[in-house]
DNA sequence: CTGAAAGCGCTTACAG
DNA sequence: CTGAAAGCGCTTACAG
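Protein chains in written order, with this note's numbering: chain A, 142 to 491; chain B, 142 to 491.
Quick look at the structure:
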């Protein structure tokens, strides 16, 4: 700001002590200070003592930026996600953080709000040397957008299966299997007319869950006249989608929603339509978000191993950063699990 | 095949191009490259053109760590919070991020899990030069733990009123007023026996809401034999607390819970006790978390302006960072609002 | 066993 | 109007 050229800025900014100050006070070289503080080579116990005391007295804190410039490592990881408000996320993030903290890394949380620009912006932080590695849950960008980072050898772990790259590690679940579990549960309860509230076909999890649904229904010979309504991954989508499904004749006796948020929208639509769950209609969700257990009718759902996904992704990344792993991308698929609550039961008598 | 006996490990770690490379290719000095890229002084259009082209061709990305060392600014802010899973948080964080992004700052999210150690660890990131400023929602640390940072002139904005410091900016709500709003709403509906599910007295918001409750009840002359049960800020606390309140004779006709999560626990306890809400008992929460609208009985609650709190805190911080503000700590109190939903109604006939 | 010094990649006061 | 060079605060190969 030009304006500040004329303003007298009296520097309250007290200079932080540096390694040079510590060295001077302790009467040793900066090399010895560095080694004493980092335990990177032998330092005479007496000298070490003097160094530690001097650092203490001066209130010295190592400048991590300078260190980062020198070592080309900042010991921080980026976690890039599309939506911080997604209830899937906190437990996942906790898994990431626990694993990272244990290895001495700091996690930087980057929320892109489903915007491609922001995805690029945060990926650039790595390109600019601020992040050593990235855990990426991509929402808009394509695989080729990562080529610069891959060329620069910045490790990236992908979450989900939206992007696939032979060089990148990846953590995902088998959405086809998950959908099959949902269908099986309903069929075993006696349902035959099962409708699907599908997620957007542009979403990889959405389309794979739909695929699993269709496939499972076909295997059971229940695929004549399948009812599938595609809605956005939000409550309103679930609400409107359910209304259109209720208009069908004969009415389905069960709904499989592509995620829990959609399922909650469905529960609201059913309540407003005066239909009891599960007596009139059963509902199954997907994710097992924390709310699922406390909504009006606690939700039967396919639980994702959120914490483990975060933990696993972080460990894959740390393996790359430490040089323990140099091979091609590893694919880890974690298991889904059916969680039975009150939203499912036998179909009403015909 | 003999050929394969030697595994060629070619160092994929291609050196990232630096400003020196760009200068060489463009045939100018590094000063000119820097100024051309940053628009910090006049650069001949032809030279600028050559610089930009060279940067483009080389795939140059400015090293933000080196820049940070030189300028002593990293353009990133830390947002330190105790619990990423708290539903209060996402909207707040979004407010922070929007304001920060607009000013060209990156937000680093730091989750302390209610651990004092982690609070210190993240505060240290600022001490180490990695964060220019901090928005802090303290959970365990005390005011004096901040003295090092304050001495080092690192700006901190406090959220809530757990810590108070004359030099620090602060964003909070008036919890006493909020509690009064809750009581007034219930009294106006006709309730006289109102119980309070209080938060921990160690929490500043918990004790101020209790204070507001007591004060409002006293003003209405309803403070004979007040029922107050102190519980932790979680669902289980709300559940157990409600059970103990239901044992009282005469039974209260309304509950004011210190936050929405407690209120949701209360709703579950009431359901399990076979008591209809609001017919048998009314319930008011505090926070207006997203779930509040979709639980079995949508919750009447005191809404906090979460987004604005984040936005406001960030702007206070940015004022300090830019030097626009140098005075003593500013206190901003944002307004609470009563949101009426289905969990409150007139008391049952006596 | 310890120190002097180079160098990480920028920005910016100083010259010309 | 542009360039040569210092310097931010560390780490670490190199000497001794």
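C-beta atoms are modelled at their ideal positions from N, C-alpha and C, and glycine is treated no differently.
Coarse secondary structure for residue i, derived from DSSP in three states
i                      : result
residue 268 of chain B : helix
residue 198 of chain B : helix
residue 142 of chain A : Caution is warranted here: a pLDDT of 28 is assigned to residue 142 of chain A, below 50, making its placement in the model unreliable, and the coordinate value is therefore given only provisionally. Note: residue 142 of chain A maps to coil in three-state DSSP.
residue 355 of chain B : helix
residue 328 of chain A : helix
residue 376 of chain B : helix
residue 466 of chain B : coil
residue 342 of chain B : coil
residue 428 of chain B : strand
residue 311 of chain A : strand
residue 192 of chain B : helix
residue 298 of chain A : strand
residue 209 of chain B : helix
residue 261 of chain B : helix
residue 170 of chain B : coil
residue 337 of chain B : strand
residue 382 of chain A : helix
residue 276 of chain B : strand
residue 423 of chain A : strand
residue 184 of chain A : coil
residue 318 of chain B : helix
Exposed unless 16 or more other CB atoms sit within 10 angstroms - verdict on residue i
i                      : result
residue 425 of chain A : buried
residue 464 of chain A : exposed
residue 423 of chain A : buried
residue 332 of chain A : buried
residue 283 of chain B : exposed
residue 388 of chain B : exposed
residue 245 of chain B : exposed
residue 342 of chain A : exposed
residue 211 of chain A : exposed
residue 484 of chain B : buried
residue 168 of chain A : exposed
residue 360 of chain B : exposed
residue 488 of chain B : buried
residue 364 of chain A : exposed
residue 419 of chain A : buried
For residue j and residue i, the rounded distance between their alpha carbons
i                      : j                      : result
residue 409 of chain A : residue 469 of chain A : 46 Å
residue 254 of chain B : residue 215 of chain A : 23 Å
residue 454 of chain A : residue 286 of chain A : 20 Å
residue 250 of chain B : residue 260 of chain B : 12 Å
residue 231 of chain B : residue 300 of chain B : 15 Å
residue 459 of chain A : residue 368 of chain B : 53 Å
residue 157 of chain A : residue 193 of chain B : 36 Å
residue 486 of chain A : residue 431 of chain B : 28 Å
residue 351 of chain A : residue 339 of chain A : 6 Å
residue 481 of chain B : residue 291 of chain A : 52 Å
residue 237 of chain A : residue 275 of chain A : 11 Å
residue 174 of chain A : residue 160 of chain A : 7 Å
residue 328 of chain A : residue 279 of chain A : 34 Å
residue 402 of chain B : residue 208 of chain B : 45 Å
residue 197 of chain A : residue 221 of chain B : 25 Å
residue 315 of chain B : residue 337 of chain B : 18 Å
residue 242 of chain A : residue 449 of chain A : 15 Å
residue 318 of chain A : residue 312 of chain A : 16 Å
Enclosing alpha helix (DSSP H) for residue i [first to last residue]
i                      : result
residue 413 of chain A : 401-413
residue 452 of chain A : 447-462
residue 239 of chain B : 230-243
residue 368 of chain B : Premise fails: residue 368 of chain B lies in the beta strand (DSSP E), 368-371, not in any alpha helix (DSSP H).
residue 290 of chain A : 288-292
Boundaries of the beta strand (DSSP E) in which residue i is found, first to last residue
i                      : result
residue 397 of chain B : 395-398
residue 474 of chain A : 472-475
residue 252 of chain A : 247-252
residue 161 of chain A : It is not in any beta strand (DSSP E) - residue 161 of chain A instead sits in the alpha helix (DSSP H) that spans 160-167.
residue 442 of chain A : 441-444
residue 217 of chain B : 217-222
residue 479 of chain B : 478-480
Touch test, the segment 194-212 of chain A against the segment 412-424 of chain A, Cβ-Cβ under 8 Å, three pairs minimum: Contact between the segment 194-212 of chain A and the segment 412-424 of chain A is not established, with fewer than three Cβ pairs separated by less than 8 Å.
At least 3 beta-carbon pairs within less than 8 Å: the segment 261-272 of chain B vs the segment 286-296 of chain B: yes
Cβ pair count under 8 Å reaching 3, the segment 368-385 of chain B against the segment 396-408 of chain B: yes
The segment 331-351 of chain B / the segment 374-385 of chain B touching (three or more Cβ pairs under 8 Å): yes
Cβ contact (3+ pairs, closer than 8 Å) linking the segment 162-181 of chain B and the segment 171-179 of chain A: no
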